[in-house]
Each structure stands twice: as C-alpha cells, then as structure tokens.
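Read the structure below first, then the notes.
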Amino acid sequence: MAVKTIEWRADRVRMIDQRLLPSREVIRTYADYRGVAEAIRTMVIRGAPAIGVAAAMGVALGLKGYAGKRAQIRFARVAAALKATRPTAVNLAWAVDRMGAVLESNLALDEAALFRRIRGEAIAIYTGDLAANRALGRHGAELLGAKATILTHCNAGALATAGYGTALGVVRAACEAGKAISVFADETRPFLQGARLTAWELHKDHIPVTVIADNMAGSVLRGGTIDCVIVGTDRTAANGDVANKIGTYPLAVMARRHGVPFYVAAPLSSIDLECPNGAAIPIEQRAASEINEFAGVRITPKGVAVFNPAFDVTPAELVSAIITERGVARAPYRRSLAALKRDR
Ligand code: MRU
4 MAVKTIEWRA
14 DRVRMIDQRL
24 LPSREVIRTY
34 ADYRGVAEAI
44 RTMVIRGAPA
54 IGVAAAMGVA
64 LGLKGYAGKR
74 AQIRFARVAA
84 ALKATRPTAV
94 NLAWAVDRMG
104 AVLESNLALD
114 EAALFRRIRG
124 EAIAIYTGDL
134 AANRALGRHG
144 AELLGAKATI
154 LTHCNAGALA
164 TAGYGTALGV
174 VRAACEAGKA
184 ISVFADETRP
194 FLQGARLTAW
204 ELHKDHIPVT
214 VIADNMAGSV
224 LRGGTIDCVI
234 VGTDRTAANG
244 DVANKIGTYP
254 LAVMARRHGV
264 PFYVAAPLSS
274 IDLECPNGAA
284 IPIEQRAASE
294 INEFAGVRIT
304 PKGVAVFNPA
314 FDVTPAELVS
324 AIITERGVAR
334 APYRRSLAAL
344 KRDR
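Quick note on numbering: the sequence shown equals residues 4 to 347 in this note's numbering.
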C-alpha cells in the first residue's frame, strides 16, 4: 500500500488519521509523547501492532533530552501515559516494556547517545513488525487454494500494522503468489473499520473486496462461497483464546456451524504467554457515543443505556489455526504457541 500508516521522520512521528478515511487522507505529526498517547486513545491510529509501534515511537519522543536517573523517572511517566490509552492490545505494553529494557541497559550513555539508541529501537520495532507481517503472510498463504474467497472482520491490514498487515498480509501474500483471492469484509460496527479501512486499502491495491453488514455474515457463510475466515488479534492467551474486535466470536461460531476454517493471524508480539486464558484479557469499554450516535447524529432515544465493549474473546476450540511469522500453530495451543515463541 502506497500510504504509510506511521512513520518516524525528522524526529517527529507522522500518522495517517484513520478516523477520516476513506473520505480524506490527512497526515498528523507529533513531536510530544502526549500527542501520541492521545492519537492512540482517540484512534487516529489503531490496530494492535500499529499502536505498539506508535507507543515505541512515543517513548522515543518522551525520552529526548534525558539520560541516567532522570531518564528512568521520565520513562515511568511516559510509559504509564501510553499504557493507559488502550488496555486490550498486548503489543502496546510489549513495545513500551521493550523500550524500557533498552533504557535500563544504556543508563551510562549521555542524552544524545541515549536518544540515538532509543530512537533506533523504536525504528527496529517498526521494521520488525513489517518483516513479521511478510513472513506471517507467506505462511498463511500456504493454507489457501489457488482460488479463495476470504471473510474478514475489522481491519487487520497495513493500516493496523507498520505495513502489509496480518490477516490482510495473508491476502496480499496469496495474491503475490499468483492466487485468485477475493475478500468479503464485515463493515464492523460501531467504528466501521471494515467498511472504511479494509475496503479502502484492498481497493487501493486492486484486490477484489465486497463489504457486508455484520449481520449478513451468517447467511453469506451458509451460502457456501467462503473458503475461510481470517481475522487479526489484539491479544492471544497462552491457551489459544483470542481477543479481537467485537463481533469476531459470533463469526467463529458461525464458521464452525458451516464447516468453514477460522484462522487467526497473530504476530508473536500479540501472543501473551503470561495471560493464561481469555478470561484474563482486559476488555476495553468505549464511549456510548460510538453506539448511540451515527456520524454525529443521535440514533437511540435519550436516556437509554448503551453497552460498548470494543473486543470479544473467541475460545481456542473454535480456532482452526493461528498463523505467526514463525509458522502455523494448531491445537493444543498451549504447547504449539509456547514452542513458536521459544523457537529463536
Ligand atoms: O479497535 P481497533 O480498530 O484497534 O481494533 C483492531 C482489531 O481488532 C484488529 O483486528 C487487531 O488489532 C489486529 S490488527 C493486525
């Protein structure tokens, strides 16, 4: 995809504002970690790996001009602000902690040298995610036939990562391998990541995409045109339970009902072996206005309650395989995921 999701340029962080897509392509520039934290919270940037990269770059901005003990004190404040933005995606905490570890092993450096080292680590997290997506894509593409129609939910594409995508990375790799791939994209209420973002980036890359309302997925699956479902994940627990955008779980139930494989594209940075199962994954609750308003216009009666969890958990038993950059994991996931994470 030609448009960059996020970029470190001239010691500033640049992001395309995903809230405005597909109508407008606006680039926002941040020179301060607080701006990056706000961008994550308000979903200028979203998608688990992308917010991990943004958080790493936010730490680099936050540590500029600090060294030694002062840098440690500053890091505690910056890390807390970034980690408080969105709780479900483990990539965020993973990236911040990785930056913290680099700081701890470079406390003897002066301000300029420390900044160069910290900035280098943030950029390494960015390039590492790109490489992981490409490798994951190649492993996933092998699961597909020469012609395949894929149903996906939310946006696990270039916009949700440093680039290329996880679920949509599989789509891109299969296309690059010469396979005839088409995609059905759930619109993904309430934030419409499918209708706005998945449709936008696939259409830009000339990959055939058809948008459906979320409540159409059951009859589309029953119709027999879908070869597999592929989704991303914000956090996959040690037992293979998968947290992803709200609406993923019912899709997995329906896929099982219709004998359609349900695949999860998960870079290792999204797999949390310290989290024993899905019940331990924190689920973000978002503002009522995402449900009771549409494009700024109120659509529910005043005074009526709203429930708006941003993610759900799909139990491991409904997951046919988890695709990572080091290969494809199958049940029992506790063993296969641990082996892939270990395999250096
Ligand atoms: O609320 P969002 O848009 O950040 O949710 C994103 C998802 O649910 C994605 O599927 C997940 O982060 C994986 S992105 C590769």
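Think of the CB as a built atom: it goes at the ideal place given N, C-alpha and C, for glycine as much as any other residue.
With respect to 7 Å, is the separation between the Cβ of residue i and the closest non-hydrogen atom of the ligand MRU below this value?
i	result
residue 247	yes
residue 196	yes
residue 285	no
residue 235	yes
residue 157	yes
residue 163	yes
residue 169	yes
residue 166	no
residue 50	yes
residue 2	No information on residue 2 is available, as it lies outside the stretch 4 to 347 that the chain covers here.
residue 313	yes
residue 92	yes
Express the C-alpha separation of residue j and residue i in angstroms, rounding to a whole number.
i	j	result
residue 135	residue 327	8 Å
residue 231	residue 184	11 Å
residue 304	residue 294	12 Å
residue 107	residue 120	12 Å
residue 88	residue 123	24 Å
residue 126	residue 278	27 Å
residue 82	residue 57	12 Å
residue 189	residue 79	39 Å
residue 39	residue 93	17 Å
residue 269	residue 275	11 Å
residue 330	residue 224	27 Å
residue 290	residue 297	13 Å
residue 324	residue 280	17 Å
residue 302	residue 130	42 Å
residue 46	residue 146	32 Å
residue 16	residue 217	34 Å
residue 24	residue 299	16 Å
residue 253	residue 320	13 Å
residue 85	residue 310	25 Å
residue 208	residue 174	11 Å
residue 19	residue 139	24 Å
residue 273	residue 30	26 Å
residue 132	residue 65	22 Å
residue 60	residue 69	15 Å
residue 164	residue 10	11 Å
residue 199	residue 110	44 Å
residue 262	residue 237	25 Å
residue 28	residue 6	9 Å
residue 267	residue 307	35 Å
residue 255	residue 13	44 Å
residue 63	residue 97	15 Å
Could you name the residues that DSSP lists as bridge partners for residue i?
i	result
residue 136	Note: residue 136 sits in no beta bridge, so no partner.
residue 279	Looking at the DSSP assignment, residue 279 forms no beta bridge with any residue, so it has no partner.
residue 129	The partner list for residue 129 (beta bridge, DSSP) is empty, contrary to what the question assumes.
residue 247	315
residue 46	For residue 46, which the question treats as bridged, DSSP gives no partner whatsoever.
residue 333	Looking at the DSSP assignment, residue 333 forms no beta bridge with any residue, so it has no partner.
residue 327	330
residue 15	12
residue 300	297
residue 265	232
residue 33	16
residue 121	According to DSSP, residue 121 bridges with nothing at all.
residue 288	312
residue 274	239
Say yes only if the C-beta of residue i is nearer than 7 Å to one or more non-hydrogen atoms of the ligand MN, and no if none qualify.
i	result
residue 255	As far as ligands go, the structure on display features the ligand MRU and does not contain the ligand MN.
- Query: Is the region 245-258 touching the region 313-320 in the sense that three or more CB pairs, one from each, lie closer than 8 Å?
  - Reply: yes
- Write down every uninterrupted run of the alpha helix (DSSP H) in the region 172-243 whose length is 4 residues or greater and which is fully enclosed by it, in chain order. 202-207 and 220-226
- Taking one C-beta from the region 176-193 and one from the region 324-340 each time, how about it: are there three or more such pairs within less than 8 Å? no
- Per the contact definition of three or more C-beta pairs closer than 8 Å, is the region 161-181 in contact with the region 190-204? yes
- Task: Answer yes if the region 69-82 comes into contact with the region 106-120, meaning at least three C-beta pairs across the two stretches below 8 Å, and no otherwise.
- Result: yes
- Query: With a cut-off of 8 Å, do at least 3 Cβ pairs link the region 218-231 to the region 275-287?
  - Reply: no
- Cβ contact (3+ pairs, closer than 8 Å) linking the region 149-168 and the region 33-52: yes
- Kindly provide the ranges of any alpha helix (DSSP H) runs that are 4 or more residues long and lie completely inside the region 147-175, ordered along the chain. none
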